[in-house]
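Numbering (the numbering used here), first residue to last: 102 to 306. Quick notes on the structure that follows.
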């Protein structure tokens, strides 16, 4: 399995991780995951197959590393997954959406190339597994979920995927701040303005 934590490694190792990640994302923007070969990843990254196997078992292991590194980058903490602190949630959403916005063209291409393939299903399952681990850690630190872990992780994973999918599809219609505010309102279940209490005047017959 991949070590999945190059930050403490030598700079050459970190560079190898970065090259493989960049090459893999480039390939994903052009082809469905199931059509991408290890040869293509190695040729694009200029990393030999022997070096690839030093860090990853296969392209799916590399995919897991890409997902895990993104989650670490955007700061998906125990406080965020509890959905109880709106400020922490907004901060997480801001970092996430800004990251996607900075790489919007590439992510849109990846989504279009893979929306009917295996990638979304694999990423969703990977995110659910990561959320399950974080939920266990959160409960060890005093959080107690009222919802069973498999249900909570599945629904929360789908929520985050829906947020990303919605942004990729609607990014041209809303600025980042407006989008995040709307998502925050949805998560708080603050859907509607109060119904006007202005009395309705009727005419005497």
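Idealized CB from N, CA, C, for every residue including glycine.
Practice task
Hey, could you find the ends of the alpha helix (DSSP H) residue 137 is sitting in?
Solution key: Within the chain shown, numbered from 1, the residue matching residue 137 stands at position 36. Note, residue 137: premise wrong, no alpha helix (DSSP H); not H, not E.
Handout entry: Rounded separation between residue 196 and residue 188 - CA only
Key = In the chain shown, counting from the first residue as 1, residue 196 sits at position 95. In the chain shown, counting from the first residue as 1, residue 188 sits at position 87. Going by the C-alpha atoms only, they are around 12 Å apart.
Problem - Rounded straight-line distance, which links the Cα of residue 294 to that of residue 116 - result: The residue given as residue 116 occupies position 15 in the chain shown. The residue given as residue 294 occupies position 193 in the chain shown. If you take the alpha carbons of residue 116 and residue 294, they lie about 51 Å apart.
Problem - Length of the line joining the Cα atoms of residue 151 and residue 132 - result: Here residue 151 corresponds to residue number 50 of the chain shown, with the count starting at 1. Here residue 132 corresponds to residue number 31 of the chain shown, with the count starting at 1. C-alpha separation (whole angstroms): 24 Å.
Practice task
Determine, using beta carbons only, whether residue 123 and residue 146 come nearer to each other than 8 Å.
Solution key: The residue you call residue 123 lines up with position 22 of the chain shown. The residue you call residue 146 lines up with position 45 of the chain shown. Their beta carbons are under 8 Å apart, which means residue 123 touches residue 146 by this criterion.
Exercise for the section: Determine the DSSP secondary structure at residue 177, reduced to helix, strand or coil. Expected result: Start at 1 with the first residue of the chain shown, and residue 177 comes out as number 76. In the structure shown, residue 177 sits in coil (DSSP, three-state: anything other than H, G, I, E or B).
Exercise for the section: Check whether the Cβ atoms of residue 263 and residue 191 lie closer than 8 Å to each other. Expected result: Residue mapping note: residue 263 aligns to position 162 of the chain shown, counting from 1. Residue mapping note: residue 191 aligns to position 90 of the chain shown, counting from 1. Cβ atoms of residue 263 and residue 191: not closer than 8 Å.
Problem - Spatial neighbours of residue 125 in its chain, beta-carbon cut-off 6 Å, leaving aside the 5 residues before and after - result: For the purposes of this step, residue 125 is taken as the residue at position 24 of the chain shown. Within the same chain, residue 125 has close Cβ partners 142, 163.
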